[in-house]
Structures are given as structure tokens and as C-alpha cells.
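Student: First the structure, then my questions, so here it is.
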Amino acid sequence: MTESILELPLDEQPDPGEFIRAAMQWHFNPETGSPYWLERAKSLDFDPRTDVTSFGDLARFPNIVDELRDVRVEDLIPRGYGPDPDIVGIFESGGTTGPPKRVIMLQDWWRRSGAWISANLDAHGFPRDVNWLGLVPTGPHLVGATLARLAAYRGGIGFSIDMDPRWVKKLIGGGKAEEAGAYAEHLVEQASFTMRTQDVGVLLTTPPLLERIARNDELVGLINEKIRGIMWAGAHMDADTRYLYRNEVFPQVKLFGVYGSTMILGGSAERLGLGPDDPCIFDPPSPIITFLVIDPDTGSRVGDGERGQVVMNHVSRNMLLPNNLERDLATRIEPPAGRAGDSVADVSPVARFGNEPVIEGVY
């Protein structure tokens, strides 16, 4: 039963307590847990297999994501996958708050999360059997790998450009905003070559780059002519900008947002059925990915409709990443019935995180 409840499709809702207890048995059993967590458990002042029995108990774990800057990635693979695990890739954070952190994605989690996001795209009216263009970070970044796989999963080809978000952040942090702007324009130009010459039906990009595209009348016309869906992720988009894109700049194009983090191996999807004046609400696929919105000074959960800092959890067979205080502020929203944790809206970055200024750049 431990493995079966951890392998359910993301649109099914197991009992959160039963799910958490099964996950603790998986990750802290010497036969199935990862070398990292089996060793890390020795320093905990509780036994996860007996003391973590509910979603709320995840708060007992320390936030370990900073340790992922240095951990040997092989030590993150649960032993339960056997001697030859099917690895999709090693993915790194964007480096916003220092040296990159690393996670490992295995094939079973990719299949389930890919099917879930694809189902959300269907619900939002995104086309199948069309090609995609990704104007998103490539290289060690999860979103770039997702582009090619998701396009193929939905019957198309994935085009992409090279993007290094860390270089942009380094330029901005060094006071070289003009150079950062020139690099961003270079990225948009590269994307325009593909849009002009190829059959592309979906654009996957970030809000800062979509803003630059929206300033170019020729590209706006090209998108309204050829693109049927824009999926945005990786940085915040305020409500006024979202309204403008949906109703004036790209009125014939479906617009769909995703909010997440490499540190939870995925994210949440824009809620279906929101009106033009509603905030952009994101619902994570609990109990695997869950959010809490807390007062950062007290650690207490804020009330519905109140602002706070986002805590993220990822609990699957693939990885256990609990109690991660993210660099984002959000409004707490009541989640759909039966789901654990919070939904979030009006996401924006904090000014500083871990004694470092937060620079979004192009991602």
C-alpha cells in the first residue's frame, strides 16, 4: 500500500494523513530511502516514521534546500528505485539567492506531473498537435527540459533558444542594466526568427520577456496571427498586466500561468474559470506539492485573503523536500475542496532573501 498511494495520478486526492505516513515509510526505510535522508535523519530530534503522521507535521522538518547546493546528487535517489533508476535529469535553481541548488527528477514523477499539467492545458483550451517555442532558461533548468517533453507529449515539436538567467541577474546586480536589457532583446530576436519561419502554436515564456515582446508591434501581430496559447512561468505577473494581455494585446490567444519552483520539482496551475477581474489564483496538486502562506516573523499561517511568505513542500516517491521557505510573497486563498494547504494569488518576490537582494531578471 505504501507504494500504491504514492503512485496515484495527481488529479486523485488520497487522504492526506495516509499519504504522508506512506511517504515517511518510503523515505526513511533503510531499504527504500535515499542515502541523503537516511543520513540526515540521524540529526533530527524526531523519528519521521512514527512522529510525522499528518500534513501539518511536515513543519517539524528543517528547511534543507541550502544543503542541496553541495549534496552529491546520487545520494538523493531513493534506494527503492533499484540499481538502475530511470533519470530524466539533474536540474538546478536559477541562482537568485546564491550558488545553484540541485534536484534529481526520475521518470515516474515526470510522467505523472507531465500528464497533470497537460490535462490543465486541455482544460484551459490549449491546442494539441501544434509546435511549441520556449523562450525560457535552458541548460540545467527544469523549465527548458519540460518544454521539449511537454511539446512531444502533446503531439508537437519543441523549439527553444539559449537562455542563461544567471548572467542577466549578474549584470543587473553589477549595475549593468543596459547590458542586461541588450541581452534580453537578443533573446527576443532569437525567438522571433523561429516564429517567423516555423509553424508554432504555443509560446512558453516568462513575464519579463513577454513584456518586451508586447512592445514590438510586429511580434504582437505575429503572435496574434500564429500563436494560439501563451504559457507563462518563472517570474511574477501583476493583475493589471495580465488583464491587459488577455483583453487588449493578445485577445485571441489563450493565456495560462504556472507558479512553482525547481525546488519542488514542479508547481501549480492557474485556476480554471477565473473572471477578468479575478486575481490569478494558483492551485498546487496536493498532497504531493503543497503551499502554506505564513507570517515570516512568527511562522504562523496568515488568514484567508491576507499576505504572507510562501512555504512549499514536495512529497513524492522521487524526493522529499519539506518546509521550504520561498522567496515569494502571496495572498492566501482557500484551496479547492479536499485539498491540503493553501492556494495562492498575487505572487511577488521579497526584496531580500537570505541576506541577498532578490533579482528576477528574465526569469
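If you count the sequence shown from 1, position 66 lands on 75 in our numbering, and the numbers rise without skipping. Note that the Cβ used here is the ideal one computed from N, Cα and C, for glycine as well. Keep in mind the model is a prediction, meaning the values are calculated, not measured.
#1: Does the segment 98-115 come into contact with the segment 71-78, if we say contact requires no fewer than three beta-carbon pairs (one atom in each stretch) closer than 8 angstroms?
#2: Go ahead and label residue 60 buried or exposed: buried means 16 or more other beta carbons lie within 10 angstroms of its beta carbon, across all protein chains shown.
#3: Under 8 angstroms by Cβ, that's how I've got residue 309 and residue 303 pegged, so tell me the actual separation to the nearest angstrom.
#4: Thinking C-alpha only, which one of 111, 314, 261 and 315 is nearest residue 86?
#5: Apart from the five residues just before and just after residue 285, which ones in its own chain have a Cβ nearer than 8 angstroms to its Cβ?
#6: Assuming residue 338 contacts residue 359 (C-beta within less than 8 angstroms), just tell me the rounded distance between them.
#7: For residue 99, name the three-state secondary structure that DSSP assigns.
#8: Who pairs with residue 222 in a beta bridge, going by DSSP?
#9: Taking a contact to mean a Cβ-Cβ separation below 8 angstroms, would you say residue 117 touches residue 333 in this structure?
#10: Leaving aside the five residues before and after residue 17 along the sequence, list all residues of the same chain whose C-beta is less than 7 angstroms from its C-beta, in chain order.
#11: I'd like to confirm the pairing. Which residues does DSSP put opposite residue 323 in its beta bridges?
#12: Short of 7 angstroms in beta carbon distance, which residues of its chain neighbour residue 68, apart from the five on each side in sequence? Order them along the chain.
#13: Could you pull the DSSP bridge partners for residue 241 from this structure?
#14: Please list, in chain order, all residues of the same chain as residue 13 whose beta carbon is under 8 angstroms from its beta carbon, the five residues on each side excluded.
#15: Which residues in the same chain as residue 261 place their Cβ atom closer than 7 angstroms to its Cβ, once the five residues preceding and following it in sequence are excluded?
#16: Given a cut-off of 8 angstroms, decide if residue 143 and residue 156 are closer than it, judged by their beta-carbon atoms.
#17: When burial is assigned at 16 or more other CB atoms within 10 Å of the CB, is residue 195 buried or exposed?
#18: Tell me which residues share the same chain as residue 189 and place their Cβ nearer than 6 angstroms to its Cβ, disregarding the 5 neighbours each side in the sequence.
#19: Tell me which residues share the same chain as residue 162 and place their Cβ nearer than 7 angstroms to its Cβ, disregarding the 5 neighbours each side in the sequence.
#20: Please look up how many angstroms separate the CB atoms of residue 65 and residue 140, rounded, as I've assumed it's under 8 angstroms.
#21: For the putative contact between residue 101 and residue 271, defined by C-beta atoms under 8 angstroms, what is the C-beta separation to the nearest angstrom?
#22: Identify every residue that forms a DSSP beta bridge with residue 358.
#23: Applying the 10 Å Cβ sphere with the 16-neighbour rule, what's the burial state of residue 10?
#24: Using beta-carbon positions only, say whether residue 263 and residue 184 come within less than 8 angstroms of one another.
#25: On the DSSP bridge assignment, give the partners of residue 438 in chain order.
#26: Who pairs with residue 275 in a beta bridge, going by DSSP?
#27: Give me, in chain order, the residues of the same chain whose beta-carbon lies closer than 7 angstroms to that of residue 39; leave out the 5 immediate sequence neighbours on both sides.
#28: CB-CB under 6 angstroms to residue 175, same chain, minus the five flanking residues each way: which ones, in chain order?
#29: Have a look at residue 165 and residue 305 and give me their C-alpha separation to the nearest angstrom.
#30: On a CA-only basis, which of 307, 259 and 344 is nearest residue 293? Give me that one, please.
#31: Between which two residues does the beta strand (DSSP E) holding residue 142 run?
#32: If you draw a straight line from the C-alpha of residue 231 to the C-alpha of residue 219, how long is it?
#33: Does DSSP put residue 113 in a helix, a strand or coil?
#34: From the beta carbon of residue 252, is the nearest beta carbon of chain C less than 8 angstroms away?
#35: Give the straight-line distance between the Cα atoms of residue 282 and residue 160, rounded to the nearest whole angstrom.
#36: So what does DSSP say about residue 258, is it helix, strand or coil?
Tutor: Let me spell this out:
#1: yes
#2: Taking the sequence shown and counting its residues from 1, one reaches residue 60 at position 51. Classification for residue 60: exposed.
#3: For the purposes of this step, residue 309 is taken as the residue at position 300 of the sequence shown. For the purposes of this step, residue 303 is taken as the residue at position 294 of the sequence shown. Yes, residue 309 and residue 303 are in contact; Cβ-Cβ is about 6 angstroms, under 8 angstroms.
#4: Locating residue 86 in the sequence shown gives position 77, counting from the first residue. Considering only alpha carbons, the answer is 111.
#5: Taking the first residue of the sequence shown as position 1, residue 285 is located at position 276. Taken in chain order, the residues that qualify are 252, 255 and 256.
#6: Start at 1 with the first residue of the sequence shown, and residue 338 comes out as number 329. Start at 1 with the first residue of the sequence shown, and residue 359 comes out as number 350. Yes, residue 338 and residue 359 are in contact; Cβ-Cβ is about 6 angstroms, under 8 angstroms.
#7: Taking the first residue of the sequence shown as position 1, residue 99 is located at position 90. Here residue 99 sits in strand by DSSP.
#8: Locating residue 222 in the sequence shown gives position 213, where the first residue counts as 1. Per DSSP, none; premise fails for residue 222.
#9: Residue mapping note: residue 117 aligns to position 108 of the sequence shown, counting from 1. Residue mapping note: residue 333 aligns to position 324 of the sequence shown, counting from 1. Taking 8 angstroms as the Cβ cut-off, residue 117 and residue 333 do not qualify as a contacting pair.
#10: Against the sequence shown, residue 17 aligns to sequence position 8. Cβ within range, chain order: 23.
#11: Here residue 323 refers to the residue found at position 314 when the sequence shown is read from its first residue. The partner list for residue 323 (beta bridge, DSSP) reads 298 and 330.
#12: Start at 1 with the first residue of the sequence shown, and residue 68 comes out as number 59. Excluding positions up to five away in sequence, the list reads 332.
#13: Against the sequence shown, residue 241 aligns to sequence position 232. Paired residue(s): 214 and 266.
#14: Your numbering for residue 13 matches position 4 in the sequence shown. Answer for residue 13: no residue qualifies.
#15: Here residue 261 is taken as the residue at index 252 of the sequence shown, counted from 1. Within the same chain, residue 261 has close Cβ partners 233.
#16: Looking up residue 156 in the sequence shown gives position 147. Looking up residue 143 in the sequence shown gives position 134. Result yes, Cβ atoms of residue 156 and residue 143 sit closer than 8 angstroms.
#17: Position 186 of the sequence shown holds residue 195. Looking at its Cβ environment, which holds fewer than 16 other Cβ atoms inside 10 Å, residue 195 is exposed.
#18: Numbered from 1 along the sequence shown, position 180 holds the residue referred to as residue 189. These residues qualify, in order along the chain: 177, 180 and 181.
#19: Position 153 of the sequence shown, counted from the first residue, corresponds to residue 162. Hits under 7 angstroms: 123 and 127.
#20: Mapped onto the sequence shown, residue 65 falls at position 56. Mapped onto the sequence shown, residue 140 falls at position 131. Contact flag wrong, Cβ pair sits at about 44 angstroms.
#21: Stepping through the sequence shown from its first residue, residue 101 is reached at position 92. Stepping through the sequence shown from its first residue, residue 271 is reached at position 262. Their Cβ separation, rounded to whole angstroms, is 7 angstroms, which keeps residue 101 and residue 271 in contact under 8 angstroms.
#22: Within the sequence shown, the letter at position 349 stands for residue 358. Residue 358 is bridged to 337.
#23: Working through the sequence shown from its first residue, we reach residue 10 at position 1. Residue placement at residue 10 is flagged as unreliable, the pLDDT there being 44, under the threshold of 50; a coordinate-derived value is accordingly withheld.
#24: Translated into the one-based positions of the sequence shown, residue 263 becomes position 254. Translated into the one-based positions of the sequence shown, residue 184 becomes position 175. Cβ atoms of residue 263 and residue 184: not closer than 8 angstroms.
#25: Only positions 10 to 372 of the chain appear in the structure, and residue 438 is not among them; the question remains open.
#26: By one-based count along the sequence shown, residue 275 stands at place 266. Answer is 270.
#27: Numbered from its first residue, the sequence shown carries residue 39 at position 30. Around residue 39: 47.
#28: Reading the sequence shown from its first residue, position 166 is the one you call residue 175. Counting only Cβ-Cβ distances below 6 angstroms, and skipping sequence neighbours, we find 104.
#29: For the purposes of this step, residue 165 is taken as the residue at position 156 of the sequence shown. For the purposes of this step, residue 305 is taken as the residue at position 296 of the sequence shown. Taking the straight line joining both Cα atoms gives about 43 angstroms.
#30: Numbered from 1 along the sequence shown, position 284 holds the residue referred to as residue 293. The option with the nearest alpha carbon to residue 293 is 344.
#31: Within the sequence shown, the letter at position 133 stands for residue 142. 141-144 is the span of the beta strand (DSSP E), which, as asked, contains residue 142.
#32: Counting from 1 along the sequence shown, the entry for residue 231 is found at position 222. Counting from 1 along the sequence shown, the entry for residue 219 is found at position 210. If you take the alpha carbons of residue 231 and residue 219, they lie about 13 angstroms apart.
#33: On the sequence shown, residue 113 is found 104 positions in, with the first residue counted as 1. Correct three-state label for residue 113: strand.
#34: Structure shown: chain C not included; a single protein chain is present.
#35: For this step, residue 282 is matched to residue 273 along the sequence shown. For this step, residue 160 is matched to residue 151 along the sequence shown. Using only the alpha carbons, I get a separation of about 24 angstroms.
#36: If you number the sequence shown from 1, residue 258 lands on position 249. Correct three-state label for residue 258: helix.
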